[in-house]
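Chemist: I'd like to ask you about the structure that follows.
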Amino acid sequence: MEEKVRFTFRKHERLRKQSEFERVFGYGKSLGGSTVAFYFAPNDLKYARAGFIVSKKICRKAVERNRAKRLMREVFRLNKHRLKPVDIVFIARKGIKGKKFQDVERDFLRLARKAGILRDGE
């Protein structure tokens, strides 16, 4: 029986500890697009996990940082079932300001394909 796809973003799917971020930065690879860059490293779990970074240098106002994080979180939430078991740290770039969800998703999927972290057949 096929497992039901969940479009939630649960606590265990988040990178929260500094050590988790450091592991991805230390052992992972990186790719960058116009709206997002990300570091990724394989994990020993059966699912993908994500963390998000938006610096004050990129988005000065908290409203802008929150919007950028919301966009990246939504891209991950709706596409996590397509990813191999990896830990991903999303980093917002200047181009994310004023972009719509579809633009950020397109950028992420292009990079994910290039990185080879999409499941087979994606």
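To get our numbering, take the position in the sequence shown, counting from 1, and add 465. Even for Gly, the Cβ is constructed at its ideal location relative to N, Cα and C.
Identify the continuous beta strand (DSSP E) that holds Tyr504 and give its terminal residues.
Modeler: Segment 501-507, the beta strand (DSSP E) holding Tyr504.
Chemist: Please look up how many angstroms separate the CB atoms of Arg514 and Glu478, rounded, as I've assumed it's under 8 Å.
Modeler: Confirmed, about 5 Å.
Chemist: I'd like the span of the alpha helix (DSSP H) that includes Ala577, first residue to last.
Modeler: 566-580 is the extent of the alpha helix (DSSP H) around Ala577.
Chemist: Pull up the CB-CB distance for Asp572 and Asn508, whole angstroms please, since I reckon it's below 8 Å.
Modeler: Incorrect: roughly 23 Å between the Cβ atoms, too far for contact.
Chemist: Is the stretch 544-561 close to the stretch 490-509, with three or more CB pairs under 8 Å?
Modeler: Because the criterion of three Cβ pairs below 8 Å is met, the stretch 544-561 and the stretch 490-509 touch.
Chemist: Might you give, ordered along the chain, the residues of its own chain that have their beta carbon closer than 7 Å to the beta carbon of Lys500, omitting 5 neighbours on each side?
Modeler: With the sequence shown as reference, residue 500 is identified as Thr, and Lys is not the correct amino acid for it. Excluding residues within five positions, the ones whose Cβ falls inside 7 Å are Arg558, Gly560, Ile561, Lys564, Asp568, Val569, Asp572.
Chemist: Taking the continuous alpha helix (DSSP H) assigned at Ser484, which residues delimit it?
Modeler: Ser484 -> alpha helix (DSSP H) spans 483-492.
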